[in-house]
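Chemist: Line by line, the protein sequences are chains A and B.
Residue numbering for the first sequence follows this note's numbering, beginning at 2 and increasing consecutively.
Residue numbering for the second sequence follows this note's numbering, beginning at 157 and increasing consecutively.
Note that the Cβ used here is the ideal one computed from N, Cα and C, for glycine as well.
What follows is a single structure, and I will ask about it in a moment.
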Amino acid sequence: MSVIVMKDISKEYRIGQIRLNALKNINLEIINGEFISIMGPSGSGKSTLLNVIGCLDKSSSGTYFLDGNSVETMNDNQLSEIRNRFIGFVFQSFNLLGELNALRNVEIPLIYRGIRGKIRREMSEQALEKVGLKERMKHLPSQLSGGQQQRVAIARALVGNPSVILADEPTGALDSTTGNNIMDLFTQLNEDLNMTIVQVTHEESIAAYGKRIIRLIDGEINKIDFNGVLEGKK
Amino acid sequence: MENNKGLKSFLIRMLFNSKMASSGLISNVLRTSLTVLGITIGVASVVSLMGIGEGARIAVVEQFESLGQNVIVLKANSGVYSFQADEYKEIMERVDAIKSATPVTNSKEYVRWRRTRGDIEVLGVNSQYPEIKDHQLQAGNFFTTLHVDTRSPVCVLGYNVAVSLLNGRSPVGYTITIDDLNFTIVGVLKKKGDGKAENIDNKIVVPYTTAMRLNDIRTVDEIWGKALDEKDTSLAIVQLSRIYSRKIQGTPVNTTNPDDGGEMPPEEMKIPDMPMPEPPLETPPNDIFTSGEDVITITSLNQLVDEANDANRIMTLLLGGIAAVSLLVGGLGIMNIMLVAVSERTGEIGVRRALGAKKTDLLFQFMLEAFYVSIIGCILGVFVGIWLINIFKSNGFAAVISIEAVRIATVVALTSGLLFGVYPAYMASNLSPVEALRRQ
């Protein structure tokens with residue numbers, strides 16, 4: 002089943018008189034359980050693509066279906082709900098809220114979904130267990146290492162059981178060992194939980210964790226590499 | 157579980173937003189407390205300044221009210237017109253609203269009791285006087301109609317006179333001399349307080365008939381009447397002014413109408429020897445009901461009270477208004493700090509938008525943050541204001557804790573908090589998520 006279906010997606014920016022085509026006629030289909038890396042030099046439009054996939058930004062033209070929902074026609078409130086239900090974000094700099102402990106940080110998407118405390122707590126503990134940080138759930142972000150913070154962020158992305166996890170340079174702020182651990186975690190989530198993962202990176206070694214590598218140049222898909230065997234995904 | 161339209165889920169979100177608002181404030185204690193201080197100062201100055209104004213107003217009103225409620229004063233311009241001694245009876249007859257009335261004479265007499273002596277103001281009235289001016293007796297009785305009719309040499313002492321003249325002895329039954337005539341003391345009036353009720357505490361009251369003989373006068377310059385309530389008072393004033401404008405019109409030209417009952421005193425009946433120490437209240441009756449070109453002035457104390465009240469209220473509001481400017485400045489402080497907070501937390505805003513926060517969530521959070529500041533500042537300000545008022549009070553100022561001031565200050569502080577919180581909160585909620593995430 003396709004999680005993401007993009008047809009002729011373009012994104013233009015206007016800076017004064019200059020028109021900048023950040024994305025040009027992107028056609029992309031991502032099916033459930035895929036692990037995809039988006040690569041490209043800076044300015045190639047990979048972050049823009051991720052923002053459009055994540056419904057943080059709207060495309061200028063084209064059609065985009067996220068888990069069967071036509072995103073273009075939605076208003077701001079609906080997009081908020083879509084982000085909350087279908088997407089789990091993982092950022093380069095973790096972006097945990099400093100005044101909340103790990104557990105509370107993980108709870109945030111569930112709070113916006115209006116899930117009440119007890120259930121919320123159970124779900125969040127489970128998510129933290131999946132990333133191996135259950136025993137540190139009472140810690141504040143400042144009391145955790147970078148890798149641990151990113152794990153909490155991944156738990157936060159997982160907790161609402163989204164259709165896809167979008168990771169923007171998830172290892173960019175980590176040393177290579179920790180970064181590889183994080184990527185192993187992603188691989189594990191992808192394989193064990195059949196979680197669809199889309200990551201943006203500019204490092205080949207990190208991109209190699211993905212089963213499909215989409216290379217962007219100047220806002221266009223330049224090349225798609227299949228990394229390893231395309232196993233039978235449904 | 158997935159029902160996110162329900163009230164409960166809305167409350168869950170808003171509870172979280174309000175927690176975020178308070179943790180936003182706590183995360184920068186110094187900045188928050190300075191902003192709160194701005195509001196506190198504003199509210200405290202509104203409360204204390206208006207309290208002072210209100211205190212002054214109440215003091216003045218009390219003073220006026222001690223003169224007697226619903227009292228109407230008819231005052232003749234002594235060169236042109238004066239009242240017959242029994243004209244008050246005619247007034248009571250013709251003006252239904254006036255239930256009691258008395259002629260009034262004022263003079264200063266040489267008063268002696270054994271070795272104590274001095275010039276004391278003597279008020280001549282009839283036996284209805286205590287009722288008109290709401291006086292009560294400390295000891296003895298007021299003189300009666302019989303005393304008045306028989307021009308008896310009896311007197312009632314004001315409280316201070318009784319204390320100072322007779323050195324604290326119970327004065328009833330003693331005799332004092334007023335202008336070398338012996339007067340029996342029949343009663344002592346209750347204390348009214350300094351400057352209250354025309355300073356009655358320092359006067360001696362005698363029957364007006366006696367006073368007129370004492371001073372050898374045939375007419376009086378003042379009549380005081382009392383109506384039952386405020387409505388009757390206004391009604392009575394209208395009637396009185398009609399009656400007197402008709403009477404006086406006739407005076408210079410027309411000497412007919414003898415059946416009118418001696419309302420036209422011949423010129424020689426003027427009383428130049430009347431010293432007339434004016435009671436403090438009837439001072440300038442400018443735009444109050446006047447009739448017959450200042451020949452007679454008809455004044456109701458209610459009007460004076462109302463006017464003084466109005467003047468003071470305007471004063472109070474003015475003070476409050478000036479103080480409210482500082483509240484406005486405090487509100488600008490809130491806006492300033494909220495703008496800083498929004499730009500500081502741009503990244504957080506972006507993250508929360510990505511996690512599913514709606515515009516309303518952020519709007520609510522930042523509005524609430526501004527509201528918290530203003531409400532804390534407001535509560536502290538009310539306390540500081542009350543504290544200041546107590547300091548004023550203990551230093552002898554007439555200040556009161558005015559509920560109106562507290563209400564005005566609260567309303568202004570909270571609305572300015574909200575008003576100045578709206579723009580930053582709107583900015584926060586309208587940041588595009590992508591932009592917010594990029595700017596972190």
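1) What would DSSP say about T446(B), mapped onto helix, strand or coil?
2) Using 8 Å as the cut-off, classify the Cβ of L80(A) as near or not near the heavy atoms of the ligand GDP, replying yes or no.
3) Between which residues of its own chain and L21(A) is the CB-CB distance below 6 Å, once the five residues before and five after are set aside?
4) Would you mind telling me which residues of chain B sit closer than 9 Å to R117(A), beta carbon to beta carbon, in chain order?
5) Quick one: what does DSSP say R1(A) is sitting in, helix, strand or coil?
6) Anything in chain A within Cβ reach of F172(B), meaning under 7 Å, just list it in chain order.
7) Could you work out which residue in R402(B), G537(B), S572(B) is closest to L488(B) when comparing CA atoms only?
8) Mapping DSSP to helix, strand and coil, what is F36(A)?
9) Closer than 8 Å by beta-carbon distance: list the chain B residues that pair up with N85(A), in chain order.
10) What is the DSSP secondary structure of E277(B), counted as helix, strand or coil?
11) Would you call the region 39–54 of chain A and the region 147–158 of chain A in contact, with 3 or more CB pairs under 8 Å?
12) Which chain A residues sit within Cβ distance under 8 Å of E525(B)?
13) Against chain B, with Cβ distances strictly below 9 Å, would N78(A) count as a contact?
14) Can you find a C-beta in chain A that's less than 9 Å from the C-beta of L519(B)?
15) Could you tell me whether the region 310–330 of chain B touches the region 261–270 of chain B, using the rule of 3 or more Cβ pairs below 8 Å?
16) Quick check on DSSP: helix, strand or coil for C311(B)?
17) With a threshold of 8 Å, are at least 3 pairs of Cβ atoms found where one atom belongs to the region 207–223 of chain A and the other to the region 181–192 of chain A?
18) Is the distance from the Cβ of A554(B) to the Cβ of I341(B) below 9 Å?
19) Could you pull out every residue in the same chain whose Cβ sits closer than 7 Å to the Cβ of G147(A), ignoring the five residues on either side in sequence?
20) Quick check on the DSSP output: what are the complete alpha helix (DSSP H) runs of length 4 or more inside the region 304–378 of chain B, in order along the chain?
21) Cα separation between N355(B) and L337(B)?
22) Evaluate the contact criterion for the region 153–166 of chain A versus the region 107–124 of chain A: three or more CB pairs, one atom per stretch, below 8 Å.
23) Note down, in chain order, all residues in the region 575–594 of chain B with a beta-carbon under 8 Å from any beta-carbon belonging to chain A.
24) Between L575(B) and the rest of its own chain, which residues show a CB-CB distance below 8 Å, the 5 nearest in sequence each way excluded?
25) Kindly indicate if chain B contains any beta-carbon less than 9 Å away from that of P171(A).
26) Here's a check: name, in chain order, each residue in its chain whose Cβ is nearer than 6 Å to the Cβ of M2(A), leaving out the five neighbours to either side.
27) I want to verify the contact list: residues of chain B whose CB lies under 9 Å from the CB of I109(A), in sequence order.
28) Taking the continuous beta strand (DSSP E) assigned at K12(A), which residues delimit it?
29) Residue range of the alpha helix (DSSP H) that I168(B) falls in?
30) Could I get the ranges of all uninterrupted beta strand (DSSP E) runs contained in the region 192–261 of chain B, with 3 residues as the minimum, in chain order?
31) Would you kindly report the start and end of the unbroken beta strand (DSSP E) that includes A581(B)?
32) Cα separation between A156(A) and M124(A)?
33) Between the alpha carbons of L370(B) and G541(B), how many angstroms are there, rounded?
34) For I221(B), which residues from the same chain have a beta carbon less than 7 Å from its beta carbon, with the 5 sequence-adjacent residues on both sides left out?
35) So, at 7 Å on beta carbons, what are the nonlocal neighbours of G343(B) in its own chain, with the 5 sequence-adjacent residues on each side left out?
36) Quick one: does E221(B) have its CB under 9 Å from some CB of chain A?
Modeler: Well, looking at it:
1) Here residue 446(B) is taken as the residue at index 290 of the second sequence, counted from 1. Its pLDDT being 42, under 50, T446(B) is placed unreliably in this model, and the value from its coordinates should be taken loosely. In this structure, T446(B) counts as strand in the three-state DSSP scheme.
2) No copy of the ligand GDP occurs in the structure displayed, which carries no ligand at all.
3) On the first sequence, position 20 is the one that residue 21(A) refers to. The answer, listed in chain order, is Y14.
4) As a working mapping, residue 117(A) is identified with position 116 in the first sequence. Near R117(A) (Cβ distances below 9 Å), the residues of chain B are M157, K164, S165, I168.
5) This structure gives no information on residue 1(A), because the portion of chain A shown stretches from 2 to 235.
6) Within the second sequence, residue 172(B) is the residue found at index 16, counting from 1. Within chain A, the residues near F172(B) are I112.
7) Within the second sequence, the letter at position 332 stands for residue 488(B). The residue with the shortest Cα to Cα distance from L488(B) is S572(B).
8) By one-based count along the first sequence, residue 36(A) stands at place 35. In the structure shown, F36(A) sits in a strand (DSSP, three-state: E or B).
9) The residue labelled residue 85(A) in the question sits at position 84 within the first sequence. The answer, in chain order, is L511, G512.
10) For the purposes of this step, residue 277(B) is taken as the residue at position 121 of the second sequence. In the structure shown, E277(B) sits in a strand (DSSP, three-state: E or B).
11) no
12) As a first step, residue 525(B) must be located in the second sequence, where it is residue number 369. Correct list: empty, because the minimum Cβ distance to chain A is about 13 Å.
13) As a working mapping, residue 78(A) is identified with position 77 in the first sequence. With 9 Å as the cut-off, N78(A) counts as an interface residue toward chain B.
14) For the purposes of this step, residue 519(B) is identified with residue 363 of the second sequence, where counting begins at 1. So no, L519(B) is outside the interface.
15) yes
16) Taking the second sequence and counting its residues from 1, one reaches residue 311(B) at position 155. DSSP places C311(B) in strand when its eight states are reduced to three.
17) yes
18) Looking up residue 554(B) in the second sequence gives position 398. Looking up residue 341(B) in the second sequence gives position 185. Against a cut-off of 9 Å, the Cβ pair of I341(B) and A554(B) comes out as no contact.
19) Here the question's residue 147(A) lines up with position 146 in the first sequence. Closer than 7 Å at the Cβ level, and outside the excluded window around G147(A), lie A174, L175, T179.
20) 315–321, 364–371
21) Residue numbering aside, residue 355(B) sits at position 199 when the second sequence is read from its first letter. Residue numbering aside, residue 337(B) sits at position 181 when the second sequence is read from its first letter. Between N355(B) and L337(B), the C-alpha separation is close to 24 Å.
22) yes
23) S588, P589, V590, L593
24) Position 419 of the second sequence, counted from the first residue, corresponds to residue 575(B). Closer than 8 Å at Cβ, skipping near neighbours: G487.
25) Within the first sequence, residue 171(A) is the residue found at index 170, counting from 1. Not closer than 9 Å to any Cβ of chain B, the Cβ of P171(A) fails to qualify, so no.
26) Along the first sequence, read from residue 1 onward, the residue named residue 2(A) stands at position 1. Within the same chain, M2(A) has close Cβ partners N33.
27) If you number the first sequence from 1, residue 109(A) lands on position 108. Residues of chain B passing the Cβ test: F172, V507, R508, L511, G512, A513.
28) Your numbering for residue 12(A) matches position 11 in the first sequence. K12(A) -> beta strand (DSSP E) spans 3–16.
29) By one-based count along the second sequence, residue 168(B) stands at place 12. 163–182 is the extent of the alpha helix (DSSP H) around I168(B).
30) 227–232
31) Taking the second sequence and counting its residues from 1, the one referred to as residue 581(B) is at position 425. Looking at the DSSP string, A581(B) is not in any beta strand (DSSP E); the run it does join, the alpha helix (DSSP H), is 559–586.
32) Counted from its first residue, the first sequence places residue 156(A) at position 155. Counted from its first residue, the first sequence places residue 124(A) at position 123. Each residue's Cα considered, the two are about 10 Å apart.
33) As a first step, residue 370(B) is located in the second sequence; it is residue number 214 there, counting from the start. As a first step, residue 541(B) is located in the second sequence; it is residue number 385 there, counting from the start. L370(B) and G541(B): Cα-Cα distance of roughly 56 Å.
34) As a first step, residue 221(B) is located in the second sequence; it is residue number 65 there, counting from the start. Before going on, a small fix: residue 221(B) reads as Glu here, not Ile. The answer, listed in chain order, is V461.
35) As a first step, residue 343(B) is located in the second sequence; it is residue number 187 there, counting from the start. Hits under 7 Å: L293, A295, G296, N297, F298, V312, V328.
36) The sequence position of residue 221(B) within the second sequence is 65, counting from 1. So no, E221(B) is outside the interface.
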